[in-house]
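Below you'll find the structure, written out as C-alpha cells, and then a few comments.
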Amino acid sequence: MLKFYNALTKKKEIFKPLKKGVVTMYNCGLTVYDYAHIGNLRAFTFADILRRHLEYKGFKVKQVMNFTDVGHMFEDVDIGEDKMEAAAKKEKKDPWSIAKFYIKAFLEDSKTMNFEEPTVRPKATDHIQEMIELTQKLIKKDYAYVVNGSVYFDVAKFKDYGKLSGNTLEKLKLGAGGRVEFNPDKRNQFDFALWINDPKHIMNWKSPWCEKGYPGWHIECSVMAMKYLGETIDIHTGGVDNLFPHHENEIAQSEAATGKKFVNYWLHNEHLLVEGGKMGKSLGNFYTLRDLIAKGYDPKAVRYLLMSTHYRQQLNFTFEGLEAAKNALDRLINFVRRLMDADGSGCGEKIRALMNDVQRRFEEAMDDDLNISAALAALFDFVREANKLLDDNVLSKKEAEEIYEVMMRFDKVLGVIGEIKRKERLPKEAEELILKREEARKAKDWEAADKIREQLRSMGIIIEDTPQGVKWKTANH
C-alpha cells in the first residue's frame, strides 16, 4: 500500500490519485540564471525516483517540471533584484540568452543524471498571458488589488492562508516567516506580488495595469501547473525551502481563483549540506555536476549518493560519501556482470525464496514514503547471498537470467545500474603485464610497476589496486 508523508496534513497518508491509474505531478524546476548545483540536483533526483516508483507501481505519470526565467527575486521577496536580471548584468548578456544557455546546460545535466524526461517542461515567459488572466480573475474575485500599476494578493482575504507552512497571518505579524521588505503600496506587508510595475526591469510586458511590468514568481507555477495538469493535481514537490512562501502562496492564489483544492499531496525534500555546513560560492564548497565530473567522479555515483538518503532527511554531501557511493555502485554492477558467467547446476527453491524476499522488502520499503535506505539494504542483502551462490558455482544460467531481470526491474526505480555488457576478456599480453607488475610490486620495484601501469594505460586498460586484489577496466568503461 503506497503511502507518502503529506506536508499539508503533517502525516503519512495512503496515496489515492484523482483518476485511477493516472498521477498528475508538478515539480518546481530550476531558475535558469546559473548551472544547477548539487542541492538542486537532490530535489530533481527525488522527483525522478518518485516518478519512477509510481511507474513501477503501474501508474501513468503526467509530470510537469518548469523553468523559471523571470520574476524570481533573491531572498524570495517582492522588492529587490530578479535573479535573471542580475545574471544578465553580470555576464553582460540579455536575459533571454542567459535563460537559453542555462536551460540547455540543465537538459544536458538531466540526461547525464539519467532523469526521466517530464511530460512537459514549460518556461514561465511562454505563459505571460495566462498569468495576466489569472491575476485579472483574482482582482475580479476581490482577492487581489492594484496599486501604482502593481498587483498584490491580499492574504487576509484567504482564510486558509498558512495551512501548509503554519505561517498564518497572526503568526507572521508576530515575526514568523522570515524577511519582509517594507512596501508602502501593500495593505499588509505579507501580501505578495502577482504583477510588478517596473519600467527599468530588462524583461517586461504590457499588462492592463502598467506599460512595463513582469509577473511575481508564485503566479508562474500556479499557471503552469493548472494549464497542463488541471485545477486540482495529485502531487506537488519541491525543496523544503520552497514550502514558505512559494508553495503557501501557490495554494492561496490557486484556490482563491478556482474555489477548488489545488494539490492533494505536498512532498518536500530536505536541505543538502556540504561537509556538515551550508553550501555557498563564498565558502568554496559550491559544486555543480560538471565540477564533480571534472574531478573524475562518475555521474552515476553522484546520482546514487543523492538518492541514498531518505528525501525527508538532511543529506550531508562529502567526498568520502561520494567514494562510498561509487563503491556501492561498483558492487551492484559487478554482481550483475557476474550473473552473465553463471553456469551451475541450479539451487531451486533457495534462490526463488531469496528473490521473493528481496522483491517484497524492496517494494514495502519504497511504498513506505520512498524509504530508500531500507530498499537498498534489502538489495545488498540479496546481492551478498546471491554472490555466495555464484562463488559456490551452484547458480544456473536460467536462474541468473531471472535474477538479472529482477535487478533490472529494481533499476527502473533506481536508475543507477543501466545496461551491463559482458565484461571483455583481457588480451593475453595484458594478462602477462599485470602478472609482471604484481611480481615487481612484491619485489618493491615501484618504478617498474609504475612503468607497466602506464604501458597498460596506453593499451586502454586502467588498473586499480584494491584490498581484494587488482581490478581492471577499459578506458572507455
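If you use this note's numbering, the sequence shown corresponds to residues 0 to 476, in order.
The C-beta atom is built at its ideal place from N, Cα and C for all residues, glycine as well.
Note that this is a predicted model, so its numbers are computed, not measured.
By a beta-carbon distance limit of 8 Å, F191 contacts P244. Their separation comes to about 7 Å. Residue ranges of uninterrupted beta strand (DSSP E) with 3 or more members, entirely inside the region 290-349 and ordered along the chain, are 314-316. By the Cβ-count criterion, W445 is exposed, with fewer than 16 other Cβ atoms from all chains shown falling within 10 Å of its own Cβ.
Per the coordinates, the alpha-carbon of N370 lies some 22 Å from the alpha-carbon of E384. When C-beta atoms of the region 439-454 are compared with those of the region 405-422, fewer than three pairs fall below 8 Å, so the two segments do not count as touching. Distances from the alpha-carbon of A323 to those of Y296, H309, A341 put Y296 closest.
The beta carbon of A98 sits closer than 6 Å to the beta carbons of V31, D68 from its chain, once the five residues preceding and following it are set aside; these are given in chain order. Going by C-alpha positions, Y142 is about 21 Å away from G70.
The alpha-carbon separation between T236 and K280 amounts to approximately 26 Å.
Between the region 249-265 and the region 127-142, the count of Cβ pairs shorter than 8 Å is three or higher; the stretches touch. In the assembly as shown, F318 is an exposed residue. Its beta-carbon has fewer than 16 other beta-carbons within 10 Å. In the DSSP secondary-structure assignment, N26 is bridged to M64, T236.
Taking a C-beta distance under 8 Å as the contact criterion, F43 and F114 qualify as a contact pair.
As a beta-bridge residue in DSSP terms, F191 pairs with F152.
In this structure, the alpha-carbon of L328 lies about 23 Å from that of R456. The beta carbons of N203 and G148 sit no closer together than 8 Å.
Burial state of I13 is exposed, judged by a 10 Å Cβ sphere holding fewer than 16 other Cβ atoms. Of the other Cβ atoms in all chains shown, 16 or more fall within 10 Å of the Cβ of S109; this residue is therefore buried. Counting only residues of its own chain and dropping the five nearest sequence neighbours on each side, S344 has a CB closer than 7 Å to the CB of V393, S395. With fewer than 16 other Cβ atoms from the protein chains shown falling within 10 Å of its own Cβ, D342 counts as exposed. Fewer than three Cβ pairs drawn from the region 373-384 and the region 8-22 lie within less than 8 Å of each other, which leaves the two stretches out of contact.
Listed as beta-bridge partners of H267 by DSSP are G237.
Looking from the CA of A399, the closest CA among L434, K435, L338 belongs to L338.
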